[in-house]
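Participant: Same order as they appear, the protein sequences are chains A and B. If you want my numbering, it's the 1-based position in the first sequence plus 5. If you want my numbering, it's the 1-based position in the second sequence plus 46. Cβ coordinates follow ideal geometry from the N, Cα and C atoms, glycine included.
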Amino acid sequence: DVKVTQSSRYLVKRTGEKVFLECVQDMDHENMFWYRQDPGLGLRLIYFSYDVKMKEKGDIPEGYSVSREKKERFSLILESASTNQTSMYLCASSGSGRSYEQYFGPGTRLTVT
Amino acid sequence: RKEVEQDPGPFNVPEGATVAFNCTYSNSASQSFFWYRQDCRKEPKLLMSVYSSGNEDGRFTAQLNRASQYISLLIRDSKLSDSATYLCVVLPTDSWGKLQFGAGTQVVVTP
């Protein structure tokens, strides 16, 4: 069974804090993704990575950065958290080739006060 | 305009009834299509892929209409456990595996 884990299920941070969200997958997947999910807006892609040390901007990268130093680990960084970054953050991974099924972690519900 | 559009619902369905809903996509070059299921406060999980000829998986039937650019999902003999949000997902060609997600259709099955 594919397993994608995220470092925290719930997180509360203050405005201006630096926030690290970590994601680890155990299936040797090449591709990893960070999304945020908000009511009525669905899943929006923040960043993705198709290889170690490679990263590409998604649809809403502003205010975020990422790091992928090892194949199994993909970190999302909020350099200076703001209240509009309160959201559910979901990490996913997928293999390459014809099967692009994405496997998701359980999500981190981040509240910025 | 959103790239993948879905009726948000909710679709309230009596147990045992049939429910069907669609989604439309804007990128005609899309190559693969999926339905994901998301339970309340849980992560999305793949329900089924959608093939050009249509396909069934138990009580679930998915159809693809490339000419009109829509995908449908039909659930027969609805169970209480089918209550969830169903996400329509599209993979455009040359997208490096980046899926496009609809915002979801909520289905509520009632006793």
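Inspect the CB distances between the stretch 20 to 37 of chain A and the stretch 75 to 88 of chain A and report whether three or more fall short of 8 Å.
Facilitator: At 8 Å Cβ cutoff, the stretches touch.
Participant: Note down the Cα distance separating Thr151 (chain B) from Ser124 (chain B), rounded to an integer number of angstroms.
Facilitator: Taking the straight line joining both Cα atoms gives about 15 Å.
Participant: Determine the extent of the beta strand (DSSP E) in which Gln152 (chain B) is found, giving its start and end residues.
Facilitator: Where Gln152 (chain B) is concerned, the enclosing beta strand (DSSP E) stretches over 151 to 156.
Participant: Who does Glu102 (chain B) pair with in a DSSP beta bridge?
Facilitator: Glu102 (chain B) pairs with B:Thr107.
Participant: When burial is assigned at 16 or more other CB atoms within 10 Å of the CB, is Gly56 (chain B) buried or exposed?
Facilitator: It should be pointed out that residue 56 (chain B) corresponds to Pro in this sequence rather than to Gly. Counting Cβ neighbours within 10 Å, Pro56 (chain B) comes out exposed, since fewer than 16 surround it.
Participant: Please confirm if Glu106 (chain A) has its CB atom under 8 Å from at least one CB of chain B.
Facilitator: For Glu106 (chain A), the answer is yes, since a Cβ of chain B falls inside 8 Å of its Cβ.
Participant: What are the start and end residues of the beta strand (DSSP E) that includes Glu61 (chain B)?
Facilitator: Per DSSP, Glu61 (chain B) belongs to no beta strand (DSSP E) and is neither H nor E.
Participant: Report the rounded CA-to-CA distance for Thr139 (chain B) versus Ser72 (chain B), giving the unit in angstroms.
Facilitator: Rounded to the nearest angstrom, the two C-alpha atoms are 13 Å apart.
Participant: Nearest chain B C-beta to Asn36 (chain A) closer than 8 Å, yes or no?
Facilitator: Chain B contact via Cβ: present.
Participant: For the beta strand (DSSP E) holding Thr10 (chain A), just list the boundary residues, first then last.
Facilitator: Where Thr10 (chain A) is concerned, the enclosing beta strand (DSSP E) stretches over 9 to 11.
Participant: For Tyr97 (chain B), count neighbouring C-beta atoms within 10 Å of its own C-beta (all shown protein chains included) and say buried if the count is 16 or more, exposed if not.
Facilitator: Classification of Tyr97 (chain B): exposed, given that the 10 Å Cβ count is below 16.
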